[in-house]
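Notes to accompany the following structure.
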Amino acid sequence: MTQTQNDQRLDHAAEPGAAGTNGAAARFARLRVPFNQNTSLLIALAVLVTIIGVQAPEFFGSANLRTIGTTIAIAGVLAVAQTIVIIIGGLDISVGSITGLTSVTCAMVFTSAGGPFPGLLSALAAGLACGLVNGVIIVYGRVNPVIATLATLAAYKGIAQLISDGRAQGYTGADPIFIFIARGSIAGIPTLIWVFALIAVAAHVLLKYTDIGRNLYAIGGNDKAARLAGVNLNRYIIAAYCLTGVVAGFAGILLTAKTGSGQPVSGSEGLELYSITAAALGGCAMQGGRGTIPGTVLALVLLGVLENGLNILGVNSFWQNVAKGSLLVAAVVIQQRRSGERRIGLPR
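Letter 337 of the sequence shown, counting from 1, is numbered 351 in the working numbering, and no numbers are missing.
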């Protein structure tokens with residue numbers, strides 16, 4: 015098979031329904047949908063900021079804007095990884111539990127080793143191991159990603175509680191490295207935001223400008239066509255979950271630095287819902303093959319502004335979960351209406 019033929023197969027595989035259309039039309043559709051999605055998010059964000067700003071002028075204060083940025087940083091890195099997994103047609107519900115497990119691992123190794131770097135490396139290694147387990151279960155166990163990661167969500171949470179005895183572990187609040195991660199800044203921008211931004215940019219470059227990213231879209235769009243084009247599906251799927259695990263390890267490090275200790279549950283619970291909501295709201299097709307990092311980032315900012323605005327306006331915090339769940343349902347409904355699919359229910 016020539017390189018030209020291989021590229022043509024991947025072009026068709028990268029977007030569901032591309033078969034039967036010319037390559038230019040398929041590429042235009044692939045570019046057009048994220049643009050419309052991002053424009054809608056920008057309009058919604060502008061409206062939300064205006065409503066909150068009119069009622070609470072302190073919303074625009076620099077301290078509050080920094081608070082929004084640092085608040086969404088941990089969930090943000092997970093949402094970036096979640097975007098990649100969803101693009102290949104998967105889902106990782108265990109990211110919150112992996113974050114808690116790596117947070118505990120980081121703090122405990124830091125305490126026993128007496129230095130930050132063994133703790134940092136152990137968190138990334140633990141995250142990689144968790145992601146590898148997820149990928150192997152899904153690929154070689156032939157288990158649906160939702161069921162597999164739902165099971166490991168409970169397992170990783172249990173392991174974190176077992177090794178920590180259900181309590182916060184260690185104290186990293188006096189270490190210069192962890193202090194810099196939690197409260198430091200570069201050019202006036204908090205380190206937490208820099209970490210999130212660098213991970214988001216790296217993921218965007220990977221998806222948009224590399225053959226690896228092209229193959230990831232192809233797998234999610236049409237895995238059979240991707241296989242015929244020579245893409246090793248098993249290797250890519252396992253690698254995607256390993257990458258998600260490593261990114262969850264970064265999230266665990268950020269959580270440890272922010273709280274000053276390893277947190278088995280507190281701080282990481284609910285992050286899986288946040289990351290999935292951000293990815294879906296940002297334009298990721300839950301069946302795979304479509305999604306962008308800029309869209310996910312915009313959705314994250316929208317969620318962060320909404321959460322912060324509700325707090326400033328004194329709205330009961332329980333309503334925040336109601337809002338996130340409603341946004342997730344709305345995002346998936348809109349996707350299904352746009353795609354014209356109707357997998358369950360009565361025929362039209």
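All residues carry an ideal CB built from backbone N, CA and C; glycine is no exception.
Model, not experiment: these values are computed from the prediction.
With 16 or more other Cβ atoms from the protein chains shown falling within 10 Å of its own Cβ, P278 counts as buried. A straight-line Cα-Cα distance of about 19 Å links P308 and G103. According to the DSSP secondary-structure assignment, Q175 is paired through a beta bridge with no residue. Cβ-Cβ separation between L312 and I98: approximately 17 Å, too far for a contact (criterion under 8 Å). H218 and A95 have their C-alpha atoms some 11 Å from each other.
In the structure shown, G276 adopts extended strand secondary structure according to DSSP, grouped into three states. Y154 counts as exposed, since fewer than 16 other beta carbons sit within 10 angstroms of its beta carbon. The distance from the Cβ of A293 to that of I100 is about 5 Å, consistent with a contact at the 8 Å cut-off. With fewer than 16 other Cβ atoms from the protein chains shown falling within 10 Å of its own Cβ, F332 counts as exposed. Here T224 is not near F124, since their CB atoms are 8 Å or more apart. The DSSP assignment places complete alpha helix (DSSP H) segments of no fewer than 4 residues inside the segment 266–351 at 285–295, 307–326, in order along the chain.
Taking every protein chain shown into account, the CB of L115 has 16 or more other CB atoms within 10 angstroms, so this residue is buried.
For I203, DSSP records a beta bridge to I200. Taken in chain order, the complete alpha helix (DSSP H) segments of 4 or more residues contained in the segment 107–178 are 109–127, 130–154, 159–178. Note that the C-beta distance between G276 and S117 is below 8 Å. Positions of the alpha helix (DSSP H) runs, each at least 4 residues long and wholly inside the segment 39–101, are given as 76–101 in order along the chain. By a beta-carbon distance limit of 8 Å, G263 does not contact L79. Their separation comes to about 28 Å. Close CB contacts of L269 within its chain, under the 7 Å cut and outside five residues either way in sequence, are with I88, T113, S117, Q277, G281, S282 (chain order).
For K222, the number of other beta carbons within 10 angstroms of its own is below 16, and it is reported as exposed. For G184, the CB contacts under 7 Å within the same chain, skipping 5 residues up- and downstream, are A121, M122, F124, T125, S275, G276 in chain order.
If you ignore the 5 residues before and after P204, its C-beta comes within less than 7 Å of the C-beta of R80, G83, T84, all in its own chain and listed in chain order. Taking 8 Å as the upper bound for CB-CB distance, I66 and G328 are not in contact here, some 12 Å apart. The Cβ atoms of A162 and I152 lie closer than 8 Å to each other.
Straight-line measurement puts the Cα of V61 at about 20 Å from the Cα of S76. Counting along the chain, the unbroken alpha helix (DSSP H) around N229 starts and ends at 225–235. Pairing F74 with A139, the inter-Cα distance amounts to about 40 Å. For L146, the closest alpha carbon among the candidates Y250, Y288, R304 is that of Y250. Separation of the CB atoms of L92 and V109 is rounded to 5 Å, and the pair is thereby assigned contact status at 8 Å. By the neighbour-count criterion, in which 16 or more other beta carbons inside 10 Å mark a residue as buried, I200 falls on the exposed side.
Of the residues assessed, Q69 falls on the exposed side of the cut-off, its CB having fewer than 16 other CB atoms within 10 angstroms.
CA-CA distance, L220 to R228, rounds to 9 Å.
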